[in-house]
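The sequence shown stops at residue 542 when you use our numbering, and every number in between is there.
As structure tokens, the structure follows; a few thoughts come after it.
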Amino acid sequence: MIEKKEKEGKTERDSNKQDLITNHWRFISPSYDFLKCNWKLIVPLAVATCLFSATFFTKKDITFAVNIWVFPGFAVLIASMVCSDELHKWIRSRPQELGRRQSNSTFVAPPPPPPCAPPPPPTFYPPPPPPNTMVGRKRNRTDCRKLSWETLSPDLLKQETIWKRVKKCDRLEIIFDPEDVVREFSISPSQDESAKTKRENAMNDKKIFNISIVMSHYKLKAREVAQCLVSGTSDLTPDVLRQLLIFAPDDREARAIRKQARENESLLETAERFYHEIATSVPTYRERLRTVLLKAQFEERVNQIKPHLETVITACQELVTSEKLATFIELLLTMGNIMNNSNVSAFKIAFVTKLMDYKSSVNKETSVLDYLTRVIIKKCPHIAALEEDLKHVLKQDVEKINKECIIEDTFPTMTADKKIEELLALRKTLDRKFYVLVRYFGEGSIKAEELFEIFTTLLRQFEDVLKTYK
């Protein structure tokens, strides 16, 4: 009996021990199975974690570990591909193993979750409309013209502005019929199609812009311009003709304009249509534009040069025949000989521009020209009217002599024209008069602009000093 009890106790202890081992294995087995199936995924991640930790704690450059950590998703993807088959097998086998273990054990299932709460009672009111919308209004169903206004900050609604006041006037929305507004300002299909068929301009956009300004400012018509080119005469100024030539389409643009005109002329821009109409009437319109421009420039240049030549010829004659100028030079020569204790009979005429540089030792504000002017006012007052004898010397035409009077270089191929012949005759007269003038003052070689600049400076300084003593 005692042996039987000991045997039963031993059996019970063995049974309890077996249950303990079984429960322990039930806890370890899932972890072991997971590690066994996914070691290929765990090993790279563990190595990468160790590398990053070593880099972080040693405070060294982390660039050597960048290849692992910059692309973690790539590393996980590769590891998943390697062990995907084994992982799927393990996942599929888990429910079966779990079922067997539950049947062989005393595992107690957890209690079921509590029942869900009952649904809320139905409401009799619709949900509130979203903000910034009007109840009962549908959004625009048709494309409508957009107002190109510049919006302001919503913060203005918090300040005492007109926009805060307008915000309170939502009641005014009932004044408008949304459908009527959309219908009134909708984009019609024809407009939409025209927008879709918008093409690239044949001419350069800058040319179109500039020639449109010229056409608008001078009210140019293609028919009138074409008639001028055919007749060879034009009432247009050289500046307008020059702009028409500068902004004219080149060969490539002209071909594109002709092609577009054949396909659909209505798509041409105003400037493109302007040149197309001219080219239709005058195929060689660019060459004719150059010819008409050259002719207009020629007439304009002739009208500028002729008065200049006549003025310079008169100025040469005045310098040679002026008695007052001769007396002024004689007085200056006499005063200079007294100061230098010399008996000089002539000096370079350019010296007359330096009279203001020599100051008195008694009064530093008195120059040689000041002293000479006082003597002239007291002793020879008639010389004070020197400017009356040299009226043409002070004109701007004299200063432009070498800038405007280059006739032979400007129009070398038009010497048969009567106007050119007149200008050439005037130029020959000018050369002869200037040669006499240079000989009159005893100068050897001097340019016309230099000589006239000398007397222009003298007359202006003399007039300034005269105003001081009058």
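Just so it is clear, CB atoms sit at the ideal spot from N, CA and C, and this is done for glycine as well.
Given the structure is predicted, the values throughout are model-derived calculations rather than measurements.
Around the CB of V384, 16 or more other CB atoms lie within 10 Å, so the residue is classed as buried. Between the alpha carbons of H380 and A418 lies a distance of about 31 Å. Annotation for A298: E349, I350, S353, V354 and Y357 place their beta carbon closer than 8 Å to its own, counting only its chain and skipping 5 residues before and after. Between the alpha carbons of I329 and E525 lies a gap of roughly 56 Å. With three or more CB-CB distances shorter than 8 Å, the region 271-283 counts as touching the region 341-348.
The shortest CA-to-CA distance from P321 to any of I280, K539 and V302 is the one to I280. Here DSSP, grouped into helix, strand and coil, assigns K451 to helix.
Rounded to whole angstroms, T540 and A520 show a C-alpha spacing of 31 Å. In this structure, L391 places its C-beta atom within 9 Å of the C-beta atom of L509. By the Cβ criterion, the region 361-373 is in contact with the region 301-321, since at least three pairs of Cβ atoms, one from each stretch, lie closer than 8 Å.
Residue pairing by DSSP leaves K293 without any beta bridge partner.
T386 is the residue among T386, Y443 and L444 whose C-alpha sits nearest the C-alpha of V465. Between E460 and K542, the CB-CB gap reaches or exceeds 9 Å. In the DSSP assignment, T406 falls within the unbroken alpha helix (DSSP H) covering E395 to N412. Per DSSP, the beta bridge partners of K431 are S439. DSSP assignment within the region 498-526 yields no whole beta strand (DSSP E) run of 3 residues or more.
Rounded to whole angstroms, the separation of the alpha carbons of D536 and T529 is 11 Å.
The continuous alpha helix (DSSP H) containing H348 extends over residues T342 to S353.
Around the beta carbon of V115, a 10 Å sphere encloses fewer than 16 other beta carbons of the protein chains shown; the residue is thus reported as exposed. By alpha-carbon distance to L317, the top candidate from A398, I283 and R334 is I283. Under the three-state reduction of DSSP, D536 is assigned to helix. One thing to note: S439 has its Cβ no nearer than 9 Å to the Cβ of K450. When secondary structure is reduced to three states using DSSP, N415 falls in the coil class, being assigned neither helix nor strand. Within 10 angstroms of the beta-carbon of T309 lie fewer than 16 other beta-carbons, which makes it exposed. In this structure L427 is not in contact with L531, their Cβ atoms being roughly 12 Å apart against a cut-off of 8 Å.
Secondary structure note for A274: it is in no alpha helix (DSSP H), with a DSSP letter that is neither H nor E. When the Cα atoms are used, T399 and D311 turn out to be separated by approximately 49 Å. For I448, same chain residues with a beta-carbon under 8 Å away, outside a window of 5 residues either side, are F400, L403, I455 and A456 in chain order. L441 and F506 do not touch by the CB rule: their CB atoms are close to 27 Å apart, not below 8 Å.
For M407 against L444, the beta-carbon gap comes to about 6 Å, under 8 Å, which counts as contact. One alpha carbon belongs to E325, the other to K500, and they sit about 49 Å apart. In this structure, V286 is the residue among V286, D323, R295 and R334 with its C-alpha nearest to the C-alpha of L313. In the three-state scheme derived from DSSP, where H, G and I count as helix and E and B as strand, D307 is classed as coil.
Assigned with DSSP and collapsed to three states, A320 falls in coil, not helix or strand. For a cut-off of 8 Å, the C-beta gap from V374 to K491 is around 5 Å, short enough to register as a contact. Taking C-alpha positions only, R360 is separated from E493 by approximately 25 Å.
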